[in-house]
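Colleague:
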Ligand SMILES: NC(=O)c1ccc[n+]([C@@H]2O[C@H](COP(=O)([O-])OP(=O)(O)OC[C@H]3O[C@@H](n4cnc5c(N)ncnc54)[C@H](O)[C@@H]3O)[C@@H](O)[C@H]2O)c1
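Here it is, written out as structure tokens:
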């Protein structure tokens, strides 16, 4: 395998736009410390060793463009590096099957392509493109609720010998059967549902654990999130949210010695406020009791640019997937999943997951 990591992108939305523009930001500002990654180098790889060789989407305005053009197309709204300052690339965006990727609220924003290809034609075309571009890791940033599309791409990974980084809450790495299929083909799998660097879930689970570790009794807790991008618009469709709720809720529950009753915990994206754009607001409350049954509560309001929040974590996941590929390790990379993802095959505390992952990186 080459010095660069050849990465294929699935779903060229705001998250990939931020990830790619962020790398370019650091290229143009080499004296800046890179913020939001585990290490400058993982194995031999820095953030500049990622080569985005191919992309897949369904947006009529993205297909056929190069990746560096498509990341600026509507409804994407990240604009950290002006489009005319972005270097040219020859890597193109190709058509993906729509399946269940496009929800009712976002359809008129995405404007999905009216395909004239059969599923079989499209599948064969995709496999051929992946072979030609030499992609070795596919990364999915599909919309929430894309169950069938995620499975389609997991199967493509198996058929084309690619590792898979699954950033969304459709369960592949945390599904035993898929885990075994990737293990059988010796292909690394890192998923599911990327954590933010300082995102709503990591803050919530850390504070819940603190209250638990300090011996208080948590009685109930909620976390509400609002935002103004297509991710939040898409999540207005409650039916698409089943696995997202499981992923976020279990991420908090897993940190408590005793689970809260289901009706005493609410974790979820709650609404779309258009003028917020990529700003995400999180409101969290924990209520509990201390010594002599005396009540306490805490509230947190977090305001973040959602697209600056997961990019570094995904770049780490890509470099770790390549490390696993180089070492011939297949199946879910347990410590990487636990540290980087909300719904891993095995939940750990964040410090334990970090320690195990550092051991993995060192190759012990
Ligand atoms: N901090 C974070 O931003 C964060 C954290 C965890 C998970 N996520 C998840 O990452 C995902 C991506 O977020 P985003 O803000 O980039 O979303 P987005 O809506 O901006 O982008 C999704 C992209 O997927 C494309 N798409 C839709 N159906 C498709 C299909 N069938 N095949 C290929 N592409 C398809 C859309 O056209 C769009 O370009 C979401 O599921 C989000 O919940 C984000």
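Numbering (our numbering), first residue to last: 61 to 424. Glycine included, every Cβ here is placed at the ideal spot set by N, Cα and C.
For residue 100, collect the residues of the same chain with a Cβ closer than 7 Å to its Cβ; drop the 5 residues on either side in sequence, then sort them by chain order.
Modeller: Once the five neighbours on either side are set aside, the close Cβ partners of residue 100 are 94, 106.
Colleague: Within 10 angstroms of the Cβ of residue 358, are there 16 or more other Cβ atoms? Answer buried if so, exposed if not.
Modeller: By the neighbour-count rule (16 or more Cβ atoms within 10 Å), residue 358 is not buried but exposed.
Colleague: So if DSSP puts residue 357 in a beta bridge, which residue, or which two residues, is it bridged to?
Modeller: Answer by DSSP bridge pairing, in chain order: 347.
Colleague: With distance defined between alpha-carbon atoms, name the residue in 371, 418, 65, 406 nearest to residue 83.
Modeller: Nearest option by C-alpha distance: 371.
Colleague: Taking buried to mean at least 16 other C-beta atoms within 10 Å of its own C-beta, is residue 108 buried or exposed?
Modeller: Counting Cβ neighbours within 10 Å, residue 108 comes out exposed, since fewer than 16 surround it.
Colleague: Taking the Cβ atom as the reference point for each residue, do residue 185 and residue 280 lie within a distance shorter than 7 Å?
Modeller: Result no, Cβ atoms of residue 185 and residue 280 do not sit closer than 7 Å.
Colleague: What number of angstroms, rounded off, separates the C-alpha of residue 374 from the C-alpha of residue 350?
Modeller: Whole-angstrom Cα-Cα distance: 39 Å.
Colleague: Using 8 Å as the Cβ pair cut-off and three pairs as the minimum, do the segment 323–342 and the segment 280–295 touch?
Modeller: They touch, by the three-pair rule.
Colleague: Assuming residue 291 is part of the alpha helix (DSSP H), what are its boundary residues?
Modeller: It spans 290–294 - the alpha helix (DSSP H) in which residue 291 sits, taken as one unbroken run.
Colleague: Is it true that the segment 174–194 meets the segment 232–241, where meeting means three or more beta-carbon pairs spaced less than 8 Å apart?
Modeller: Touching, no.
Colleague: Do the segment 73–89 and the segment 144–159 meet, that is, are 3 or more Cβ pairs less than 8 Å apart?
Modeller: Yes: at least three Cβ pairs fall under 8 Å.
Colleague: Are there any heavy atoms of ligand 1 lying less than 6 Å away from the beta-carbon of residue 307, as far as the coordinates show?
Modeller: Answer for residue 307: no, Cβ out of range of ligand 1.
Colleague: Are there any heavy atoms of ligand 1 lying less than 6 Å away from the beta-carbon of residue 156, as far as the coordinates show?
Modeller: Within the cutoff, so yes.
Colleague: Assuming residue 67 contacts residue 195 under a Cβ cut-off of 8 Å, what Cβ separation, rounded to an integer in Å, is found between them?
Modeller: With a Cβ gap of about 7 Å, residue 67 and residue 195 count as contacting.
Colleague: From what residue to what residue does the alpha helix (DSSP H) around residue 78 run?
Modeller: Residue 78 -> alpha helix (DSSP H) spans 74–88.
Colleague: Can you tell which of 266, 380, 209 has the C-alpha that lies nearest to the C-alpha of residue 229?
Modeller: Of the candidates 266, 380, 209, the one whose C-alpha sits nearest the C-alpha of residue 229 is 209.
Colleague: Is residue 202 near ligand 1, judged by its Cβ being under 6 Å from some heavy atom?
Modeller: True, at least one ligand heavy atom lies under 6 Å from that Cβ.
Colleague: Comparing C-alpha positions only, which one of 241, 200, 245 sits nearest to residue 254?
Modeller: Out of 241, 200, 245, 200 has the C-alpha closest to the C-alpha of residue 254.
Colleague: Determine the direct distance from the alpha carbon of residue 356 to that of residue 390, and round the result to whole angstroms.
Modeller: Taking the straight line joining both Cα atoms gives about 46 Å.
Colleague: Which whole-angstrom value is the C-beta distance of residue 287 and residue 366, which I expect to be below 8 Å?
Modeller: That pair is a contact at about 6 Å.
Colleague: Cutting at 8 Å between CB atoms, please list the residues of its own chain near residue 160, excluding the five before and the five after it.
Modeller: Hits under 8 Å: 205, 206, 207, 208, 209.
Colleague: Which residue wins for smallest C-alpha separation from residue 363, given the options 284, 412, 419, 410?
Modeller: Considering only alpha carbons, the answer is 284.
Colleague: Run the CB neighbour count on residue 92, radius 10 Å, all protein chains shown included, and call it buried at 16 or more, exposed below.
Modeller: Exposed, by the Cβ-count rule.
Colleague: At a threshold of 6 Å, does residue 89 count as lining ligand 1 (C-beta to nearest heavy atom)?
Modeller: The answer is no for residue 89.
Colleague: If contacts are defined as beta-carbon pairs under 8 Å, then residue 265 and residue 225 qualify, I think. What distance do you get, rounded to the angstrom?
Modeller: No, residue 265 and residue 225 are not in contact; Cβ-Cβ is about 21 Å, not under 8 Å.
Colleague: May I ask whether a heavy atom of ligand 1 can be found less than 6 Å away from the beta carbon of residue 261?
Modeller: Outside the cutoff, so no.
Colleague: If you check the beta carbons only, do residue 317 and residue 272 fall under 7 Å apart?
Modeller: Contact: yes.
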